[in-house]
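S.K.:
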Amino acid sequence: MTGTSTAPVSDLAKSFTLFSPEYQQDPAPFYARLRSECPIAHSEQAGGFWMISRYEDQRYILQHPEIYSSKTLILGSKLSDEIGLGPDIPIMYDPPVHGKYRKIIISALSKANVERYEQLAIDTARRLIDDMVAAGEVNFTTAFATPFPTTIFCAVMGIPVADLDRFVGWKEEFNRLGLSHDKEVAAEVNRRVFGEMADYFSHLIQQRRADEAAGLVADPQSDLVGVLMHGQYDNERPLTDKELINYCILVFKGGMDTVTNVLGMTFYHLASDLNLRNQLLTDPELIPSAIEEFLRYEPVITGLREVVAEDAIGGVTFKPGDIVMLLNIAGARDPEQFEAPDTIDLQRTPNRHLAFGAGPHRCLGSHLARMELTVALREIHARMPNYRLDDRFPHRFRLGYLRGVEDLHLIIGQ
Amino acid sequence: MPRLSADYSLCQGHGRCYQLAPEVFDADEDGHTVLKVEDVPSDLVDKAELGVENCPELALKLER
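For the protein sequence lines, the chains are A and B, in the order given. Going by the numbering used here, the first residue of the first sequence is number 1, and it counts up by one from there. Going by the numbering used here, the first residue of the second sequence is number 415, and it counts up by one from there.
1. Among the residues of its own chain, which have a CB less than 7 Å from the CB of residue 1 of chain A, if the five just before and after it don't count?
2. Does DSSP classify residue 472 of chain B as helix, strand or coil?
3. Do you know how far the Cα of residue 478 of chain B is from the Cα of residue 252 of chain A?
4. Which residue spans inside the segment 57–129 of chain A form an unbroken alpha helix (DSSP H) run of at least 4?
5. Specify the secondary structure class of residue 439 of chain B as computed by DSSP and reduced to three states.
6. Alpha carbon to alpha carbon, how far is residue 317 of chain A from residue 6 of chain A? Give it in angstroms, no decimals.
7. By a C-beta neighbour count over all protein chains shown, 10 Å radius and 16 as the cutoff for buried, is residue 292 of chain A buried or exposed?
8. Tell me whether residue 163 of chain A sits in a helix, a strand or coil according to DSSP, three-state version.
9. For the ligand NAD, is there any heavy atom lying closer than 7 Å to the beta carbon of residue 280 of chain A?
10. Under 9 Å between beta-carbons, which chain A residues line up against residue 460 of chain B? List them in chain order, please.
11. Looking at C-beta atoms only, is the number of pairs between the segment 13–25 of chain A and the segment 383–401 of chain A that lie closer than 8 Å three or more?
12. So, helix, strand or coil for residue 354 of chain A, using DSSP?
13. Please name the residue, chosen from A/80, A/13, A/26, A/41, that lies closest to residue 313 of chain A on a Cα-to-Cα basis.
14. Could you check where the beta strand (DSSP E) with residue 305 of chain A kicks off and where it finishes?
15. Only counting the same chain, and skipping five residues up and downstream in sequence, which positions put a Cβ closer than 8 Å to that of residue 289 of chain A?
16. Run through chain B and tell me which residues come within less than 7 Å of residue 380 of chain A, C-beta to C-beta.
17. Is it right to say residue 470 of chain B is buried, meaning 16 or more other beta carbons lie within 10 angstroms of its own, or is it exposed?
18. Against residue 43 of chain A, what residues of chain B qualify as contacts under a CB-to-CB distance less than 7 Å, listed in chain order?
19. By Cβ distance below 8 Å, which residues in the same chain neighbour residue 374 of chain A in space, the five residues on each side in sequence not counted?
20. With burial defined as no fewer than 16 other Cβ atoms inside 10 Å of the residue's Cβ, what is the status of residue 88 of chain A: buried or exposed?
21. How is the beta strand (DSSP E) around residue 31 of chain A delimited, first residue to last?
22. If the cut-off is 9 Å on Cβ atoms, which residues from the segment 464–475 of chain B count as contacting chain A, listed in chain order?
23. I need the boundaries of the beta strand (DSSP E) containing residue 391 of chain A, first residue and last residue.
24. Any contact between the segment 138–157 of chain A and the segment 216–232 of chain A? By contact I mean 3 or more CB pairs, one from each, below 8 Å.
25. Helix, strand or coil for residue 346 of chain A per DSSP?
26. Mapping the DSSP letters down to three states, classify residue 401 of chain A as helix, strand or coil.
27. I'd like the span of the beta strand (DSSP E) that includes residue 409 of chain A, first residue to last.
28. Does the structure place the segment 160–176 of chain A close enough to the segment 53–70 of chain A that three or more beta carbon pairs sit under 8 Å?
29. Quick check on DSSP: helix, strand or coil for residue 137 of chain A?
30. For a contact meaning CB atoms closer than 9 Å, what does residue 441 of chain B contact in chain C?
31. What does the alpha-carbon distance come out to for the pair residue 194 of chain A and residue 245 of chain A?
32. Can you find the residues in the same chain that come closer than 7 Å, C-beta to C-beta, to residue 177 of chain A, ignoring five residues on each side of it along the sequence?
33. State buried or exposed for residue 203 of chain A, treating a residue as buried only when at least 16 other CB atoms are found within 10 Å of its CB.
34. In whole angstroms, what is the alpha-carbon distance linking residue 55 of chain A and residue 270 of chain A?
35. Scan the segment 217–277 of chain A and note each continuous alpha helix (DSSP H) run of 4 residues or more that stays entirely inside, going in chain order.
36. What does residue 360 of chain A touch in chain B if you count any residue whose Cβ is under 8 Å from its own?
Right, dumping it as structure tokens:
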């Protein structure tokens, strides 16, 4: 229990948002009360929304896009449509249009295809780990969790790594205010950030076309920008420039920051509980299963759907236009689905976690994320086995749409 | 012999099955599941079960 209030949990829910200060460190105790006492709760904030906390209900919603549309994904901003690019492609579309956009890049992000980037991931990880070991005391967030996945993201996307700092800057601005429930604040930030990004991708695409025309590109479809430039919507037409730019910005939103936050939360738990860390040191074969468990225990993304056809769950009727928020961390700790859900069990099976969602919007980057996380855990435990939390620093967490730890300070060595 | 089946309308390409049990499951070009066996021999039943019980979409079934 939260220990701070004995009010009915349905009353506490009325004032809940993902940015409420009291839930930033650890929403799990509040979510546990919601799940057992009021599994379909209602918040009156940000225009009002339903809060879904049971695992089964979350999967049902994700698997029924004909009732629960993706046209609303966050409560404040219109995202890319702030600059007139339309809904984010493909994530804010519903079937069947969604699948036609998604089909263009699904194969490029398959498990088999992302393995092409494994060596780059290993080399990048080793370089960053050597620097951390030499430093002895590090901010893991800036020393590894940010540069590692973003460097690989540049290669996958086809962005010169020299431009990485600009992307990290855009990412930080977007995360800080672009997701705000204050529509005016979010709109102002997103118009600027996405405007700059649209200019960037527009130039990149023009340059790529010129290079291809001059015969300077050996394999035009070796990265995602190239796959998108040459892809066909529904096998009938190429994407327009507006669609290309929109799609590039969406891939950026999905790919730049998610693994950073999973790494931060994962290493927070590993550094706080040496028993967990020692299990990985003793048996590195546990790493793939450990990754699934950290993804389950701390799913970083909270998503929304907009009701488009009347439906009822658990005796509560939803009307078209209603918003449902899927409290992913609540579902991930649901004892109806997971045995001993509050325990991190690195060998957990079955583990049907929904950290990458479910239904037609299953995270397209999930195979890339798993590859990156596998390399990170393997290389760090092989080369930097001794690390612990640096208790001189507070460890501040955020809930938001993308959960994470702000700065994770570690001491490396004995 | 236990019978393995997939509901391809539910499979979304999470890849948990072919990651955990590559002896039993494979991927098509888009990463959706492909069953390498349908009548599962006894030495692969545990592996098949591992794939089935970890599918987040409940798209796989093993009937004994």
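Backbone N, C-alpha and C fix where the C-beta goes; we use that ideal spot for every residue, glycine too.
M.R.: Taking the definition as stated:
1. Only weak support exists for where residue 1 of chain A lies, its pLDDT of 45 falling under 50; the coordinates are left without a value.
2. DSSP places residue 472 of chain B in the coil class of the three-state scheme, outside both helix and strand.
3. Their Cα atoms are separated by approximately 45 Å.
4. Listed in chain order, the complete alpha helix (DSSP H) runs (minimum 4 residues) inside the segment 57–129 of chain A are 97–106, 111–114.
5. Strand.
6. Here the C-alpha atom of residue 6 of chain A lies approximately 27 Å from the C-alpha atom of residue 317 of chain A.
7. Burial state of residue 292 of chain A is buried, judged by a 10 Å Cβ sphere holding 16 or more other Cβ atoms.
8. Looking at residue 163 of chain A - three-state DSSP - the assignment turns out to be helix.
9. This structure lacks the ligand NAD; in fact it carries no ligand of any kind.
10. Going along chain A, no residue has its Cβ under 9 Å from residue 460 of chain B, so there is no contact; the nearest lies around 11 Å.
11. Counting Cβ pairs under 8 Å, three or more are found: they touch.
12. In the structure shown, residue 354 of chain A sits in coil (DSSP, three-state: anything other than H, G, I, E or B).
13. Checked all of A/80, A/13, A/26, A/41; the closest Cα to residue 313 of chain A is A/41.
14. 303–307 is the extent of the beta strand (DSSP E) around residue 305 of chain A.
15. So the list reads 346, 347, 348, 349, 351, once near-sequence residues are dropped.
16. Identification of chain B residues near residue 380 of chain A by a Cβ-Cβ cut-off of 7 Å yields none; the smallest Cβ-Cβ distance measures about 21 Å.
17. That one is buried.
18. Taking the beta carbon of residue 43 of chain A as reference, no residue of chain B falls within 7 Å; the closest one sits roughly 27 Å away.
19. Same-chain partners within the cutoff: 287, 288, 291.
20. Residue 88 of chain A comes out buried.
21. Careful: residue 31 of chain A lies outside any beta strand (DSSP E), inside the alpha helix (DSSP H) at 28–37.
22. Answer set for the segment 464–475 of chain B: 464, 466, 467, 468, 469, 470, 471, 472.
23. From DSSP, residue 391 of chain A is part of no beta strand (DSSP E); its letter is neither H nor E.
24. Proximity of the segment 138–157 of chain A to the segment 216–232 of chain A meets the contact definition, three or more beta-carbon pairs being nearer than 8 Å.
25. Looking at residue 346 of chain A - three-state DSSP - the assignment turns out to be coil, as it is neither helix nor strand.
26. Coil.
27. Residues 409–412.
28. With contact defined as three or more Cβ pairs closer than 8 Å, the segment 53–70 of chain A and the segment 160–176 of chain A are not in contact.
29. If DSSP states are grouped into helix, strand and coil, residue 137 of chain A belongs with the strands.
30. Within the model displayed, chain C is absent; protein chains A and B are what it includes.
31. So the alpha carbons of these two residues sit roughly 10 Å apart.
32. Apart from the 5 residues on each side of it in sequence, residue 177 of chain A sits with its Cβ closer than 7 Å to the Cβ of 185, 186, 189 in its chain, given in chain order.
33. By the 16-neighbour rule on beta-carbons within 10 angstroms, residue 203 of chain A is exposed.
34. Computed Cα separation, rounded: 25 Å.
35. List check, alpha helix (DSSP H) in window: 224–230, 241–255, 258–272.
36. Against chain B, the beta carbon of residue 360 of chain A has neighbours under 8 Å at 426, listed in chain order.
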